[in-house]
Every structure is written in structure tokens, then in C-alpha cells.
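Visitor: Input: one structure, supplied below.
Residue numbers (the working numbering): 1 to 500.
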């Protein structure tokens, strides 16, 4: 299974197209339906990440709007990525790289105006269910509550009576997948979708005088990947295609690349193959993705049924990608395409139909929604509006997408290339047209010096060290001594790579 991505001129610049003014919803502004999917990589039909992905509802949404084929997260980890999207600031600016802290716990960000707060200040009714921020962040009482109306939180149940995946190197409850007897209606994502549909129905009946911002955050296909049998039946084991890999793929990557995911609950490819779980995990992930797609379909049908389809901007995104054996690992926490590439789709008023191949960032969602909703431009945002590409998918964009994972580890993704520079100065470069699987690191080839220089200039000049209270998947590096610390423990230069 390989990916095919066309070549284009690096950072070409053309005239920006103007987008037509959006039709008026309540109070003269469009509504916003904001859909997040946790750990969703490019295994979506319209993105072509896996040839057997079955996502008809997301594909239909993409067909009536603009799908970004080269969109990337700011960080390949939940809290860091979601904090960046919702605040409009890069992790290198905030210092939030791990699963904590909550940004409001940092004095300099206590009064920072987030996307839902900005919309609320301009007359929007803000509602949320599921996982938008990480964990319970944004749902706590008082100043930490980000939305006016809260629905059910994200949940990963129900669970089977006992683990389906046995004898893992580290028996974390989330290292599990498969199917067991249960009903779709029991799943947290189904209940959350039903709540959101109920909100749409109630607003249609009440005919509110102000627009709404309804955010819905799905937990799946995050592990544990449990789905009912009907979704597994869409992906028969006999014909299932496994992700394409190359044996010894990590041989030309710097040792520092391992430090970004040094010791994690997620298993390595070695475990999947030795225990016969690679097929099961691949199938489980595809099944869970199809289940979530069905929930997206329920939301789209409810928009139409309740008369909101014509005046609602829909944006669908994921917080980061996910490896299923590629680069010898599972999970996120990498600066390769499998870890950073995400679905990003806009549809609705003010959005044209197209497939945009320009690089885009999740950071761009905040300013894009502001412009689509006709709101005043907000200063201090580090993303740029995608409205030119929503009007004309071929409209060029000067800047690439930039992803970091912990301080001073950055990836720059343009139309044709991925460049990675780690904290110790080691590098990777991949030709994403001829080598979309990132199997051949070209960084040591002098012929590509100019390409590297063109990408290196985009690395943020200031990479803040981890913010106070940082925890969970935090990597620190001291350039003076060369000392590497993973989760507060020093990693020796000759320490073997952990098998978990």
C-alpha cells in the first residue's frame, strides 16, 4: 500500500482569490458545526491513506466543500495539538508539549481568548460534547469552562469483560482492540452524537436569534479500538491490506528520532508481528473509523432535517495522525507524515468545492472561522486564514506546515518535501512525491542542500522549553552536555531502544 502525491512548485505564489460573502444565518452570521476525531490519520476515503477505508459520509462532506490533502497538526499529541488549535498559538510559543499542563494554569495564558470564547463574545451560543480539549480540560467550573453548554464528555466504553489483546509488554488498558458483543448505542461516541442532534432539534424548534457554535469531539478511533461486528464486516480479514513498510526503515534515521517516543504504552511493530496482532489492529482501526463516519452522517442528516444545512459552516479535523506499524511503531509522537497528517475539511456558506494540495495547519482553523463568520480579525494568532484556498483550491500559499514535538524538534512540510530537524541538530529530508512513505532519508546528500536551506528557515526561531507543570511524554535536551531526558530520566547514548 503506497501513497501517490503529485509534485508542484515549492512555495509557489499566485494571486489570492476572494471568497463570496457567506449567506446569513441567525443574527446575520453562519452557524458552525465543529467536528473533531481523535487519533484519526489519513485512512479516510477522500484522503487515500488506505485503499480499503470506508467513510462515505466524510467523503460526501468533502465532495460538497474543500478537503485539504496536505493538512498537518502542530504537535502529534492530544493536549499540545488541541491547545494550539484552540488558542491559535504554536506549542513552541506556549511550551505545552505533553499531556499537561492545562494552559489556563500558566499565568501568562489565564486571560487568553480561545476560539469558542471569541465566538461567544461576538454573539454565538457555544456548545460542546466529547473531546475537544484533552481530557476534562475546558469542562471544569469557573474560568476553566470554555463553552456555554456542555454535553456528555468523551468516553471509551463499553469494555469487554476481559482484555482482548493478551500479554502486552505493558498492560495499559488502552493497548487493546477488537470486537465483542455490544451495541453501537452503548458507545460514548453514539450517545454524544445523539446529544448533539438533540441540541440541533431544540434550536430548530426554538428558532434562536443568535448563531451557534456546536463542537462534537469523537473518541474513536483512539485506542482501545473496539467496534461492533457490523463495522468489522466491512473490512474482511481475508482481503485486508496491511500498511506498507520497509524492513530496516529506521536505519537511515537519527537515533534522536527514537527519543520522541522512547518509552510509551503503545507497542512496537515487533510485538504486533510476534503476537499476530497486526491484522487485528489494522482491521480494528478501520472498523472504528467507519463507525465514527456513521456518526458524522447522523450529524449531517440532522443539520439537513432541522433546516441548518444552508447556513452552517462545517469543519472536520483530527488532532494528529497515527502509525500502525509504519516506522516500526504504533501510535503518534513522531514528525513523519503518518504522525502529523490529518483530515481537514470545510463545507458550507463561503466555501467552494475543491481538493487543495497546498500545505495547511490546524493552527489555521481559528482565523479561517473568524473570516467565514464575518468577525473582526483577532490579533496575535499564529495561523493564517485558509479562505483563499476555500474560494480556489489551487490558490497558492507561501508558508509550509510546521509541526513540533517537544522543544527544538521541528518538521517542515511543503508541497513536495518533509524536512525534520531534531534538537541535537540531526536531520531528515524526504521527497514526498517520489517517496511518499518516507523510506529514504536524503538529508546527507549534498545535492539537496538548497532544499534543506529553504525549509530550515521556517523553523520557529524561539522554541520555548517545556512550560512549568509539563508532564507525560516530555523530552528534554541540553545542547551543552548532550544530555537527553525522557520523563525526567536520563537516556544513555548506548541505551537499547525499548521494545514497548
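C-beta atoms are modelled at their ideal positions from N, C-alpha and C, and glycine is treated no differently.
Compare the beta carbon distance of residue 413 and residue 428 with 9 Å and say whether it is the shorter of the two.
Guide: No, these two residues do not count as a Cβ contact at 9 Å.
Visitor: For residue 49, which residues in the same chain have their Cβ closer than 8 Å to its Cβ, ignoring the five residues on either side in sequence?
Guide: Result list for residue 49: 3, 41, 42, 43 and 341, in chain order.
Visitor: Between residue 52 and chain C, is there a C-beta pair that is closer than 9 Å?
Guide: Considering every chain present, this structure includes no chain C. It has just one protein chain.
Visitor: State the beta-bridge partners of residue 471 as determined by DSSP.
Guide: 100, per the DSSP bridge assignment.
Visitor: With residue 33 as the anchor, note down where its beta strand (DSSP E) starts and where it stops.
Guide: Note, residue 33: beta strand (DSSP E), 31-37.
Visitor: From which residue to which residue does the beta strand (DSSP E) around residue 312 run?
Guide: Counting along the chain, the beta strand (DSSP E) containing residue 312 begins and ends at 312-318.
Visitor: For the beta strand (DSSP E) containing residue 418, list its first residue and its last residue.
Guide: 417-421 is the extent of the beta strand (DSSP E) around residue 418.
Visitor: Measuring CB atoms only, is the region 89-96 touching the region 392-410, in the sense that at least three cross pairs come out at less than 8 Å?
Guide: The region 89-96, when compared against the region 392-410, does touch it at the 8 Å Cβ threshold.
Visitor: When the Cα atoms are used, what is the spatial distance from residue 313 to residue 473?
Guide: Cα to Cα, residue 313 sits roughly 35 Å from residue 473.
Visitor: For residue 369, which of 261, 358 and 381 has the nearest alpha-carbon?
Guide: Considering only alpha carbons, the answer is 381.
Visitor: Using the beta-carbon count (16 or more within 10 Å), is residue 28 buried or exposed?
Guide: When all chains shown are included, residue 28 counts as exposed.
Visitor: Is the CB-CB distance between residue 57 and residue 294 below 9 Å?
Guide: Contact flag set, yes.
Visitor: Kindly indicate which residue of 192, 347 and 328 has the alpha-carbon position closest to the one of residue 339.
Guide: Of the listed residues, the one whose Cα sits closest to residue 339 is 328.
Visitor: Looking at C-alpha atoms only, which residue of 63, 52, 54 and 71 is the closest neighbour of residue 397?
Guide: Closest option to residue 397, Cα to Cα, is 71.
Visitor: Considering only C-alpha positions, which residue in the set 416, 354 and 142 is nearest to residue 390?
Guide: Residue 390 has its Cα closest to that of 354, out of 416, 354 and 142.
Visitor: Just to confirm before moving on: does the CB-CB distance between residue 278 and residue 269 stay below 9 Å?
Guide: Cβ distance < 9 Å, so residue 278 and residue 269 count as in contact.
Visitor: Which of helix, strand or coil does DSSP assign to residue 332?
Guide: Of the three classes helix, strand and coil, the one that applies to residue 332 here is coil, per DSSP.
Visitor: What did DSSP end up calling residue 66 once you bin it into helix, strand or coil?
Guide: DSSP places residue 66 in strand when its eight states are reduced to three.
Visitor: Are the region 468-482 and the region 231-248 touching by the rule of at least three beta carbon pairs closer than 8 Å?
Guide: They do not touch, by the three-pair rule.
Visitor: Does DSSP put residue 437 in a helix, a strand or coil?
Guide: Residue 437 falls in the coil class under three-state DSSP.
Visitor: Does the beta-carbon distance from residue 466 to residue 97 come in below 9 Å?
Guide: Yes, the pair counts as a contact, with Cβ atoms nearer than the cut-off.
Visitor: Could you name the residues of the same chain whose beta carbon sits closer than 6 Å to that of residue 35, not counting the 5 residues immediately before and after it, in chain order?
Guide: Only 216 and 316 meet the Cβ criterion.
Visitor: Please classify residue 459: does DSSP put it in a helix, a strand, or coil?
Guide: It is coil, neither helix nor strand.
Visitor: With burial defined as no fewer than 16 other Cβ atoms inside 10 Å of the residue's Cβ, what is the status of residue 421: buried or exposed?
Guide: By the 10 Å Cβ count, residue 421 comes out buried.
Visitor: For residue 361, which three-state DSSP category applies?
Guide: Reduced to three states, the DSSP call for residue 361 is strand.
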